[in-house]
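Here it is in structure tokens:
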């Protein structure tokens with residue numbers, strides 16, 4: 173609760189500080205590429221994918237310098253491996269700091285990652301060298317993209333919210349047992365990832381078997397979509 177209280181207080185204070193320091197700006201947009209930074213972490217298949225799009229939204233002051241730059245690159249911030257448990261802003265934070273220095277006006281830079289699915293950084297390391305390298309590459313692309321910006325004629329803000337009910341497959345106990353029997357197991361493999369996967373699968377199996385026995389399984393799963401649109 174201490175963290176929740178801190179978070180709520182900080183958000184309110186940040187909003188108040190921002191509204192007290194309003195300045196006129198124009199909005200600019202472009203979409204460049206982050207190719208060569210990310211990989212699909214799954215085994216190669218027809219479903220493998222990487223989203224190299226790197227959209228940039230920039231707010232320019234009247235003197236030509238930039239106040240804020242927002243960049244989005246679909247990639248998990250896992251430049252540190254599971255060996256390093258330190259809390260950090262990882263690749264996005266490193267890229268934001270480096271891009272800030274390279275853009276006129278020393279703007280506030282926000283790097284988001286949106287829906288990144290199974291996309292991971294190509295470079296990972298136990299120390300911060302991987303974060304530094306990937307963050308530097310991403311920052312370079314952001315700075316290069318600034319020269320490609322085009323002015324936005326429409327700066328309106330709009331939003332939409334939608335709840336969708338997704339039908340769930342109904343399994344019989346026989347189907348559930350067959351899924352577990354067909355699950356590939358390697359008795360010689362003993363590592364963190366395989367052990368956690370086996371543990372999660374076991375929990376799912378027991379919970380699903382209980383719902384089948386009690387005939388209380390849900391018919392649908394609810395998915396929520398909240399969209400904010402600014403400019404293009």
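Residue numbers (the working numbering): 173 to 404. For each residue, glycine too, the CB sits at the ideal point set by N, CA and C.
Cα atoms of residue 335 and residue 392: separation of roughly 12 angstroms, rounded to the nearest angstrom. Bounds of any beta strand (DSSP E) do not take in residue 363, whose DSSP letter is neither H nor E.
Ranked by Cα distance from residue 326, the first of 239, 368 and 401 is 401. A direct Cα-to-Cα measurement between residue 321 and residue 270 gives close to 19 angstroms. Following the DSSP letters along the chain, one finds residue 199 inside the beta strand (DSSP E) bounded by residues 197-205. A direct Cα-to-Cα measurement between residue 348 and residue 377 gives close to 7 angstroms. DSSP places residue 331 in the strand class (E or B) of the three-state scheme. Under the Cβ criterion (8 angstroms, minimum of three pairs), the stretch 210-226 does not count as touching the stretch 177-197.
In this structure residue 306 is buried. Its beta-carbon is surrounded by 16 or more other beta-carbon atoms within 10 angstroms.
Contact check for residue 201 and residue 288: beta-carbon distance about 21 angstroms, past the 8 angstroms limit, so the pair fails to qualify. Cβ neighbours of residue 286 within its own chain (closer than 7 angstroms, five residues either side excluded): 244 and 246. Residue burial annotation: residue 267 is buried, with at least 16 other C-beta atoms found within 10 angstroms of its C-beta.
Put simply, of 253, 339, 261 and 352 the residue whose alpha carbon is nearest the alpha carbon of residue 374 is 352. Shown here for residue 364: same chain residues with a beta carbon closer than 8 angstroms to its own, the five before and five after excluded, namely 254 in chain order. Pairing residue 274 with residue 340 gives a Cβ-Cβ distance that is not under 9 angstroms.
When the beta-carbon positions are compared, residue 230 and residue 318 come within less than 9 angstroms of each other. In the three-state DSSP reduction, residue 355 falls in the coil class, being neither helix nor strand.
Our two residues, residue 233 and residue 277, have alpha carbons roughly 9 angstroms apart in a direct line. Along the length of the stretch 217-279, whole beta strand (DSSP E) runs at least 3 residues long occupy 225-233 and 238-244, reported in chain order. Relative to the Cα of residue 293, the nearest Cα in the group 193, 251 and 403 belongs to 251.
Taking C-beta atoms under 8 angstroms as the contact rule, residue 206 and residue 310 qualify, at a distance of about 6 angstroms.
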